[in-house]
Structure formats: C-alpha cells, structure tokens
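Order-wise, the sequence lines are chains Z and P.
Residue 1 is where the first sequence starts when you use our numbering, and the numbers rise one by one after that.
Residue 1001 is where the second sequence starts when you use our numbering, and the numbers rise one by one after that.
Even for Gly, the Cβ is constructed at its ideal location relative to N, Cα and C.
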Amino acid sequence: MAKFELFFDCSVVGPAPNIRIGIDDHVITEMALPVSHYAFEYELPAGPHKLCIELCSKLPQNEIRENGQLIQDTWVQLKNMSIDSSMMNHILHDAGHVKIDWDYHPDVATWFQENRGEVPVIMPKSKYLNLKSQYVFEFKLPLREFMDQYHFIDPSYQKFYNVPLAKYSALKQKLVNGLQG
Amino acid sequence: MAPALLQAIARDMGCGTGFTDINLDFHHRFETNGNIFRNWCELGGELSDQDQQDLHEFIATLDISAICAAEVVGISVFSKHSQPFTTWFLQHYRSKMSGVVVVGGAGVSMGDYGARLREQGLVDHYVINEGEVSWRAILAGNTRHPGVDSVGPGLLDFEDVPVPDYSNFKLEQYLNSQVHGVTIGVEGSRGCVRNCTFCDIRSFWEKYKYKDGRRLAQELIHLREVYQVEHFFFNDSLVNGSDKAFRDFCSTLAEYNATAEKPIAWSGYYIIKSAITYKDRDWVALKNSGVKSLYIGIESGSESVRNHMKKKFSNTDIDHAMKQIQLHGIRCTWLLIIGYPTETEQDFEQTLELLRRYQPMAMDRTIDTVALGMTMGILPGSPLEELKQELNITSIIPGHIDGGVTWKNHNSDFQTRIIRRIRAEEEIRALGYNSWVGDNDVVAFFEKKLQDIVENRITDDDIAEYHG
C-alpha cells in the first residue's frame, strides 16, 4: 500500500464547493471545502500514475464581485503532498499541471484567445485551482526512480559532491587490515 | 565580504576606493594546478621553479597599478589557505607598493601570521579580530589605535557595521552566483548564542551581537535593488540566534516578497531550537521570506554526544523542526561531526540510525546534502582544548602538545575516526543523500595525515578548520 498525505491551502466564499481526489481513474473521495489535510492509502502497481485533484462544483455564488470586479474568490491549492513520507514539495510544479474546463468558462477562454492568441490546453507549473478545473500530478513507482529524475546538482557544483566511493574503499581496507594486523 | 565592508567605511570617510579580488583570479587560473592549489596552498608544500614562473606570469596578467599607487592597501586574508600566496605576493611585489600596507581577516590571526609579516617588513600594520574600528583609525592616520598591531577591544555596537559596498566586485563571476544567480555574502550577527565545545567562535567573539531584524531585512532589500542581487548567503554562525530579530527579519522579507516582481532568496546557517520556540506562523514567515537553503549543525545522532557538545537540542527537537522544514518545502544541509571525543561505537551507530530514519527526507531533497567533514579536529580556542585532560586526549605523536585531527583517547584514534567517516560516507550514499566535500580532497588529506603519523611529523594542516 502506498501512503498519501495531501496538504491544502484554501479560501471559501459562499456555499462550499467540492473537491474530488482520485488516483488514475479511481475516485478516492469527494468532500466539501474547506480542507487542510487529507490522508489515504492505496494499492498501486509499479509504473506511471496520476493523482488528480478536481475543483468540481464551483458556482458563480463562490465569487464576490462589485461592478464586475472580482473582490473575493473561492480557491484551493495543493500546498504539499507526501507519498510514503517523502514530500513532493520540490516537484509538485514540475510534475504537475492544471486542466481547466473551458466549456464551463467560455469567458476566460475568450480572454485567453484575445490576450494570448490561444487557449492553453493545460496550465503548466500550477497547483492553483479557482476555476472548474483539475490538478494532475504525474508520478511513477518505484518512487526512488521517479524522484531521481528531479534531483540534480548544478553542474558548476558537481565537483564538490559525491566523490566516487572507490576513492574511499582502498583507504578503508588498508586501515581495517592495519587494525586487524 | 570583508573588503565590501572596508570599502564602505573608506567611502564613508571620503576616500576614493578600488577593489580587486586576486583570490578569484587565482582560483580561475590555478584551480586545476594540483601543486599550487592543493599542495602549496592547502597542505603547505613547496613551490617548484615552474610554479614560481607560473605565479609571476599570472601576476603579469593582472593590472596591479592601482595597488602599487594607492595610499593605503588593505589585504584581506581569508583563511590559513590564503597565507602562502599572500606571503609570496608580498615578498615579490611589496617593494612596488608606495603606500601603507595593512593585512586583516581571519587568516591573519592564525599562527600570529600578521605579526610575522610585520616582523619581516612585508606589511606596515596588521589588524586582528574585528577590523571596522581599526580600519577607520588607520585611514585617519592613527596607527597607535588599540586593535592596530595588537588585539583590539572589538566592536562595541554592532549597529555601527555599515551596509557593505560591493562596487567594483565582479559578482557574476563567483561560483555561488553561477549556481544561484547573483549572490553576495551578508551578515546579521557575529558570535553565537551557544558555546559548543568543538567550536572556536568564542575566541573571536565573546558575546553574540546582532542587527535589528527589520533593519537587516531592509539592508537586503537595498542591496537587492542596488546590485540586482538574486540570492544572499549569510556568513553568520547562525541566522536565528535572536528569535525576535529572526521573526522580524522573516516577516519583513515575507511582506516584501509578497508583492516583489523578483522575490529575495537567501541561505544561511540555522540552529535547531526547542520544539516550542517557533509557532506555525513563524515557519510560514520563514518560507515566505525566501529561504532557499538552511545549513544545520546536527553534529551527531547521539543525544549523549550532543549534550556534551552543549548543542542544547534533543532528537525530538530535530524531529519537530525537520517536519516543519519538510512541510514548508525548505531545503537543508546537515552538518555532522564524526569522532567527537566522547563518541563511542554505539554513539556512532546512533548517527547512522538517524540518517536511516530520515531517508524519506533524502529522497524528497528536504535534506539536500549531508556534510561529513574531515573528522573531529580540536580547534585552538575551543572549549575542548580545555577539556583535553578530562577527556584523556593526547597527541598520537608522542610529546606533541597539539592534538589537531590526529589526537587519540579511549574512544577513538585517527584511524578509527577515518574508518567511521568512510562508513558514514557509504551509508549516506546508499541512502540517497548527496555528500558535500567542498574543494577538499578528503582522501588525500587523510593519507597525508596518516603518513605524518608514521613519520612522527606534525604539519600546519593538522587542524581541521571546518567541517563541511
């Protein structure tokens, strides 16, 4: 069983909308905001998977507007996540993206078309959900291999790290033999 | 950073200034020259005729006309490793300098280096310990001021330290800048709130002194805007000596970062405090202040060892702090000491066990790196020096009074400590931590020291200047 813990920031205005949490095509839970922490366990085979967090029932009443200007909004953001006690903080952006339901938000799609020239299929490097949208985090098991993709030392610093262990081995053997001798 | 402070003081006194970092040029030129860079500078070896020629050719590539013409030349000697080149440079080029030559910096205090240079006629004056007041006196022509060519009274009011002046610095050329974006060193305090037995900081600064947290944050904001600094590195022994100042610093920077187009990022040394010291809002402010990486002296997995060190935090305190650090997505480097004089095999095993327990944080890079250092060195001026008799510490070389790294007692000798050091290296690498050695050739250092023992020889490098 893989253990998951999710940590959220959120703000709710009006009737509480739901968030839905799922792994691949399986819905784990659906609950009303606000939520700050949710933990669950799920059996997963090795290989690629998707964790999905969906702000699935946001309504116009979840926004306060004055003269069309947004004053207060309802939103949820995945602040952090751990899988088997390993926090994903440093890779939540890099391995995650947000998909917005453009059919539900045609005015926003129009804004993108007019201002950016195109409507994005996904919003990369985001964990912020304030539209009817879904955050998708793609990972794979074994976790170690997946995380290694995101662990790197800047090339300028490489020489200061991780001296080949072989350099130590001969010295250690010599000393161990000396102590035994 | 010291030259930036000296420059700020000189300008404050109405002097024109210039700055050149020969150390940076030296590093670029000789980094791959093993004999000059490693054997001569670090291990105290000899220069060959070819090395001498290379050094002169190197100087010929520099424009030292301003140094030769200046009324006052201040040379900052960073550490013991800077001494060989400083001596060589002065021996060959002092005669070309028409002004007063002054040396200062941590390297000047080591082995009476400054006094020896003066005796040899290579410098006019030397400054040891804090140089702000003495430097002002020298520039004003008052060379009889306490602190010039003698141990001074130190800086009474830390608020007198000026904002460093980084004009003329080639900031983008420093290695830290290449990795983190334009980076400069800053300081918010001197000294330490602890008196850890292995550390010599109290011999430099008896009392801990610090800047007001809000003022310090404003200083960073000013430097960010003047020099387009992207990342600050704190040279302080610890950034959280004063909890109030630290809270003020973090909250002020967090406020700035909330609306800044380019938020400030910083890194520095941090000490674990009792679990009740910081509230959730403090951790949030720390994260939002732009902290990039914290360097934490964990030292040992054994509470018994840490208690003897007077680190004053428990394993529970470590667990609490690390959980918060992880939750808020802050990276850190753990600094460990292998072979503390009270460290038994069981204590060492507890260190390995701590590393195993924290493996998830190695995987998610909360603990980005572990620095194991060069094994326990007994520093002159550290409390351990006074405890030698109590801890049965003797030199492994008969009759020699200086323990350095080659000391022994009933718990370990140098060979045992090297074996533990290598075992710890193997463990952290297997667990997935990064291992930092800096520009030290650890194995070459160990082999040289072992050879010194065989030949009953103590050399200047028999002091581990740092761990990590």
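Closer than 8 Å to chain Z by CB, residue i
i          : result
GLU1447(P) : yes
ALA1464(P) : For ALA1464(P), the predicted structure reports a pLDDT of 43, less than 50, and the residue's modelled location is therefore unreliable. A value from the coordinates is still provided. Chain Z contact via Cβ: absent.
GLY1034(P) : no
ASP1364(P) : yes
LEU989(P)  : Here chain P covers residues 1001 to 1468 and nothing more, so residue 989(P) does not appear.
GLY1404(P) : no
PRO1517(P) : Only positions 1001 to 1468 of chain P appear in this structure, which leaves residue 1517(P) out of reach.
GLY1290(P) : no
ILE1296(P) : no
GLN1451(P) : no
ILE1419(P) : yes
GLY1468(P) : Confidence at GLY1468(P) is low in this model, with a pLDDT of 30, below 50, so the placement of that residue should be treated as unreliable; the coordinate-derived value is given next. No, GLY1468(P) lies away from the interface with chain Z (no Cβ there is under 8 Å from its Cβ).
GLN946(P)  : In the structure as shown, chain P begins at 1001 and stops at 1468. Residue 946(P) is therefore absent and cannot be evaluated.
GLN951(P)  : No answer is possible for residue 951(P): the residues shown for chain P start at 1001 and end at 1468.
Minimum Cβ-Cβ distance from residue i to chain P less than 8 Å
i         : result
ASP154(Z) : yes
SER36(Z)  : no
HIS49(Z)  : no
SER85(Z)  : yes
LEU171(Z) : yes
LYS125(Z) : no
TYR128(Z) : no
ASN177(Z) : no
VAL108(Z) : no
PHE160(Z) : yes
PHE7(Z)   : yes
TYR42(Z)  : no
TYR104(Z) : no
ASN18(Z)  : no
HIS26(Z)  : no
ASN115(Z) : no
SER11(Z)  : no
Boundaries of the beta strand (DSSP E) in which residue i is found, first to last residue
i          : result
ILE1338(P) : ILE1338(P) -> no beta strand (DSSP E), and no H or E assigned at all.
THR1183(P) : 1183-1186
GLN22(Z)   : Reading off the sequence shown, one finds Gly at residue 22(Z), where the question assumed Gln. That run of the beta strand (DSSP E) goes 18-23.
GLN1178(P) : First-last for GLN1178(P): 1175-1180, but that is the alpha helix (DSSP H), not the beta strand (DSSP E).
ASP1368(P) : 1367-1371
GLY1291(P) : Contrary to the premise, residue 1291(P) reads as Val rather than Gly in this sequence. Here the beta strand (DSSP E) through VAL1291(P) covers 1291-1299.
GLU66(Z)   : 64-66
HIS1231(P) : 1231-1234
Bridge partner(s) assigned by DSSP for residue i
i          : result
MET123(Z)  : VAL98(Z)
ASP1413(P) : ASP1413(P) pairs with nothing; no bridge assigned.
GLN134(Z)  : GLU54(Z), LYS99(Z)
PRO34(Z)   : Per DSSP, none; premise fails for PRO34(Z).
ILE1276(P) : For ILE1276(P), which the question treats as bridged, DSSP gives no partner whatsoever.
LYS1209(P) : ARG1190(P)
PHE7(Z)    : HIS37(Z), ASN80(Z)
THR1333(P) : TYR1295(P), THR1369(P)
Span of the alpha helix (DSSP H) around residue i
i          : result
ALA1245(P) : 1243-1259
PHE1204(P) : 1201-1204
GLU1353(P) : 1345-1357
ALA109(Z)  : 106-116
GLN1050(P) : 1049-1060
ALA1140(P) : Looking at the DSSP string, ALA1140(P) is not in any alpha helix (DSSP H), and its letter there is neither H nor E.
ALA1004(P) : 1002-1012
ALA1444(P) : 1442-1454
LEU1384(P) : 1383-1386
LEU143(Z)  : 143-148
Proximal chain A residues relative to residue i, where beta-carbon distance stays under 9 Å
i          : result
ILE1422(P) : Absent from the structure: chain A. Protein chains present are Z and P.
Residue i: CB within 7 Å of a non-hydrogen atom of the ligand FAD
i          : result
LYS1287(P) : With respect to the ligand FAD, the structure shown offers nothing to examine, as it has no ligands at all.
Can you pull out the residues from the stretch 1165-1199 of chain P whose beta carbon lies closer than 8 Å to at least one beta carbon of chain Z? LEU1175, GLN1178, VAL1179
Determine which residues of the stretch 1425-1446 of chain P have a Cβ less than 8 Å from any Cβ of chain Z, and write them out in chain order. When CB distances to chain Z are screened at a threshold of 8 Å, the residues of the stretch 1425-1446 of chain P falling below it are GLU1425, GLU1426, ARG1429, GLY1432, ASN1434, SER1435, TRP1436, VAL1437, GLY1438, ASP1439, VAL1442, VAL1443, PHE1446, in chain order.
At a Cβ cut of 9 Å, what residues of the stretch 89-102 of chain Z count as close to chain P, listed as they run along the chain? Those would be ASN89, HIS90, ILE91, LEU92, in chain order.
Which runs of the alpha helix (DSSP H) fall wholly inside the stretch 1068-1113 of chain P and span at least 4 residues, in chain order? If we require 4 residues or more, the alpha helix (DSSP H) runs fully inside the stretch 1068-1113 of chain P come out as 1083-1093, 1106-1109.
Using a beta-carbon distance cut-off of less than 7 Å, what residues from the stretch 1315-1340 of chain P approach chain Z? Flagged, chain order: GLN1326, LEU1327, GLY1329.
Contact list for the stretch 136-147 of chain Z against chain P, Cβ threshold 9 Å: LEU143, ARG144, MET147
Below 9 Å between beta carbons is the criterion; list the residues of the stretch 53-81 of chain Z that meet it against any residue of chain P, in chain order. LYS79, ASN80
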